[in-house]
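Chemist: According to this note's numbering, the sequence shown is numbered sequentially starting from 821. Beta carbons: idealized from backbone N, C-alpha and C, even for Gly. Since the structure is predicted, the reported quantities are computational estimates derived from the model, not experimental observations.
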Amino acid sequence: MLIQSASLKQLVVAILQSGGSFETEAEIISDHLVLANLSGHDSHGVGMLPMYFERLQKGLLHPNQHVQLVREDGSILVFDGQSGYGHVVAREATARAIERCKESGLVLMALRNSQHVSRVGTYGEQAVAAGLVSLSFVNVTDHHPLVAPYGGSDARFSTNPLCFAIPGTDKQPPIILDMATSQVALGKVRVAINKEEEVPENWLIDHNGQPTRNPRVMEGYLFPKEDSPPLGALMPLGAYKGFGLALFCELLAGVLTGNGTIQPGNPREGSIVNNMLSILFDPSRLVEQSWMHQEIEALVDYFKASPPADPSQPVQIAGEPERTMREQRGAQGIPIDENTWEQIMNCGEMYGMNRVEMLSIAGIS
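1. Closest to G867 by C-alpha separation, out of L1042, H1113 and E847, would be which residue?
2. Within its chain, find whatever has a CB closer than 7 angstroms to the CB of Q1148; leave out the 5 residues flanking it on each side and keep chain order.
3. If you run the structure through DSSP and keep just helix, strand and coil, what is R891?
4. Along the chain, where does the beta strand (DSSP E) containing L1100 start, and where does it finish?
5. Taking 8 angstroms as the threshold, find out whether the segment 957–966 comes into contact with the segment 1019–1027 through three or more Cβ pairs.
6. Return yes when the Cβ of L1097 is within less than 7 angstroms of the Cβ of L1207, no when it is not.
7. How many angstroms separate the CA atom of V937 from the CA atom of Y905?
8. Is A985 helix, strand or coil by DSSP?
9. Would you mind listing the beta strand (DSSP E) stretches within the segment 1079–1158 that are 3+ residues and don't spill past its ends, in chain order?
10. In whole angstroms, what separates the C-alpha of G860 from that of P969?
11. Could you give the DSSP three-state label for M871: helix, strand or coil?
12. Can the beta-carbon of G865 be found closer than 7 angstroms to that of V887?
13. Going by other Cβ atoms of all chains shown within 10 Å of its Cβ, with 16 needed for buried, is G1085 buried or exposed?
14. Identify whether V1019 lies in helix, strand or coil by the three-state DSSP scheme.
15. With a cut-off of 8 angstroms on the beta carbons, I'd call L928 and N1095 a contact; round off their distance for me.
16. Buried or exposed for K1061, going by 16 or more other Cβ atoms inside 10 Å?
17. Do you know how far the Cα of R920 is from the Cα of E980?
18. So, helix, strand or coil for N1166, using DSSP?
19. Please classify I1184 as buried or exposed, where buried requires at least 16 neighbouring CB atoms within 10 angstroms.
20. Could you give the distance in angstroms between the alpha-carbon of V833 and the alpha-carbon of Y1122?
21. Tell me which residues share the same chain as D1157 and place their Cβ nearer than 6 angstroms to its Cβ, disregarding the 5 neighbours each side in the sequence.
22. Should V1135 go down as buried or exposed, given a rule of 16 or more other Cβ atoms within 10 Å for buried?
23. Leaving aside the five residues before and after E1039 along the sequence, list all residues of the same chain whose C-beta is less than 8 angstroms from its C-beta, in chain order.
24. Which value, in whole angstroms, describes the spacing of the CA atoms of M1017 and M1145?
25. Could you compute how far the alpha carbon of R891 sits from the alpha carbon of T1077?
26. Just reading off the alpha helix (DSSP H) that L955 is part of, what are its end residues?
27. Residues in the same chain with beta-carbon distance under 7 angstroms from A913, minus the five sequence neighbours each way, listed in chain order, please.
28. Only counting the same chain, and skipping five residues up and downstream in sequence, which positions put a Cβ closer than 8 angstroms to that of E945?
29. So the beta strand (DSSP E) V898 belongs to, where does it begin and stop?
30. Short check: CB of H805 to CB of T942, under 7 angstroms?
31. On the DSSP bridge list, what partners appear for S934?
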């Protein structure tokens, strides 16, 4: 089905409020999730609601939390997310870092003990909107490993995303690289399971360490069933290079935030705890702005002038596919498969909403 973004936002707000979120929090989370869908990242969109509500029921995710500043040393800020919704606490921590960076020109911000921060590019966009450059590294704890190390045959770490963002110019929109260090985000496998589709080659290995296109090897992580296949693993991006990046996400976001890494001596209660280490700086403190803009534009023009290997797929700069998809889905609506829709309906029913009410909010008669 196709649902307009405004109607989908209203539905998600109502469901989140049924789960205990105040209206402001529900709106922040809903905006974040629906923007992920609009950007083409269904892996981090409204399909995450069932996972969040499972954590709510287990008491691992706490609504209506705010970041707590636990350490301040000049341009170094350390925050605790208090197991709150990551969409809220990471946004707040980033806003505080931006405020300090405007004063000092450079900030190192550590956020620990946040539940799932979702699409990390959101915080890159938040920084570039303030005219700042940001570099963010994220690890995942309190969760069973998902990704095999290069040369390994079973999962030992998670998708460990990173995001680099630099402001745009009058001609060139901001450049935002937001990616998992695994071959693919787990949410994309969830989408494939719900759509009953195979995944591309090189995404997954099975429990024997052999390549597979069957997304159900990850079903035991996502939707455990009696007939789920033995657990497989995601593959690291770019073989040993992605593994190396994932390792540094553990070291930077896990060790240096003080909240720990995926190593089995730390708790694994089944939630998604994210720790994030971000560097923000004001580029105008380094170079003259007009020169910087000219250089960025010239560099992007040079890259995009490369004759495409496939004429239907010209060279694109990081952030461009998301902007294109936002225009398309903003006009046509957001596609949601039947299984994902059923899971979202179940979330509302879990806290007393009925389907007629939810369909009405979503604009579906």
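Modeler: Reading off the structure:
1. Sequence index remark: in the sequence shown, residue 867 carries index 47 (1-based). Comparing Cα-Cα distances from G867 to each of L1042, H1113 and E847, the minimum goes to L1042.
2. Taking the first residue of the sequence shown as position 1, residue 1148 is located at position 328. If we look at Q1148 and ignore the five residues flanking it on each side, it has no Cβ neighbours.
3. Here residue 891 is taken as the residue at index 71 of the sequence shown, counted from 1. R891 falls in the strand class under three-state DSSP.
4. Your numbering for residue 1100 matches position 280 in the sequence shown. Taken as a continuous stretch (DSSP letters only), the beta strand (DSSP E) holding L1100 covers V1093 to F1101.
5. no
6. As displayed, the chain neither begins before 821 nor continues past 1185, which places residue 1207 out of reach and without an answer.
7. The residue given as residue 937 occupies position 117 in the sequence shown. The residue given as residue 905 occupies position 85 in the sequence shown. If I take the Cα positions, the gap works out to 7 angstroms.
8. Here the question's residue 985 lines up with position 165 in the sequence shown. In this structure, A985 counts as strand in the three-state DSSP scheme.
9. Counting whole runs of 3 or more residues, the segment 1079–1158 contains the beta strand (DSSP E) stretches 1093–1101.
10. Position 40 of the sequence shown holds residue 860. Position 149 of the sequence shown holds residue 969. In a straight line, the C-alpha of G860 is about 28 angstroms away from that of P969.
11. Stepping through the sequence shown from its first residue, residue 871 is reached at position 51. In the structure shown, M871 sits in a helix (DSSP, three-state: H, G or I).
12. Indexing the sequence shown from 1 puts residue 865 at position 45. Indexing the sequence shown from 1 puts residue 887 at position 67. Going by C-beta atoms, G865 is not nearer than 7 angstroms to V887.
13. One-based indexing of the sequence shown puts residue 1085 at position 265. So G1085 ends up on the exposed side.
14. The residue labelled residue 1019 in the question sits at position 199 within the sequence shown. V1019 falls in the coil class under three-state DSSP.
15. The residue you call residue 928 lines up with position 108 of the sequence shown. The residue you call residue 1095 lines up with position 275 of the sequence shown. Not confirmed; about 14 angstroms, so no contact.
16. By 1-based counting over the sequence shown, the position of residue 1061 is 241. By the neighbour-count rule (16 or more Cβ atoms within 10 Å), K1061 is not buried but exposed.
17. As a working note, residue 980 is residue 160 in the sequence shown. As a working note, residue 920 is residue 100 in the sequence shown. The displayed chain sequence assigns Asn, not Glu, to residue 980. N980 and R920: Cα-Cα distance of roughly 26 angstroms.
18. What you label residue 1166 is simply residue 346 of the sequence shown in a count that begins at 1. In the structure shown, N1166 sits in a helix (DSSP, three-state: H, G or I).
19. To locate residue 1184, count along the sequence shown from 1; it is residue 364. Flag for I1184 reads exposed.
20. Mapped onto the sequence shown, residue 833 falls at position 13. Mapped onto the sequence shown, residue 1122 falls at position 302. Each residue's Cα considered, the two are about 44 angstroms apart.
21. Translated into the one-based positions of the sequence shown, residue 1157 becomes position 337. The answer, listed in chain order, is N1014 and K1015.
22. The count along the sequence shown starts at 1 and reaches residue 1135 at position 315. Under this definition V1135 is an exposed residue.
23. By 1-based counting over the sequence shown, the position of residue 1039 is 219. Answer for E1039: I1013, K1045, S1048 and P1049, listed in chain order.
24. By 1-based counting over the sequence shown, the position of residue 1017 is 197. By 1-based counting over the sequence shown, the position of residue 1145 is 325. First, the amino acid is wrong: residue 1017 is Glu here, not Met. Rounded to the nearest angstrom, the two C-alpha atoms are 22 angstroms apart.
25. Position 71 of the sequence shown holds residue 891. Position 257 of the sequence shown holds residue 1077. C-alpha of R891 to C-alpha of T1077: approximately 11 angstroms in a straight line.
26. For the purposes of this step, residue 955 is taken as residue 135 along the sequence shown, with counting starting at 1. L955 -> not in any alpha helix (DSSP H); beta strand (DSSP E) instead, spanning V953 to T961.
27. Numbered from 1 along the sequence shown, position 93 holds the residue referred to as residue 913. Same-chain partners within the cutoff: V887, F899, M929 and L931.
28. Here residue 945 corresponds to residue number 125 of the sequence shown, with the count starting at 1. The residues are A985, P994 and I996.
29. Position 78 of the sequence shown holds residue 898. Residues I896 to D900.
30. Past the edges of the chain, shown from 821 to 1185, lies residue 805, and the structure says nothing about it.
31. In the sequence shown, the residue the question calls residue 934 occupies position 114. S934 is bridged to N1094.
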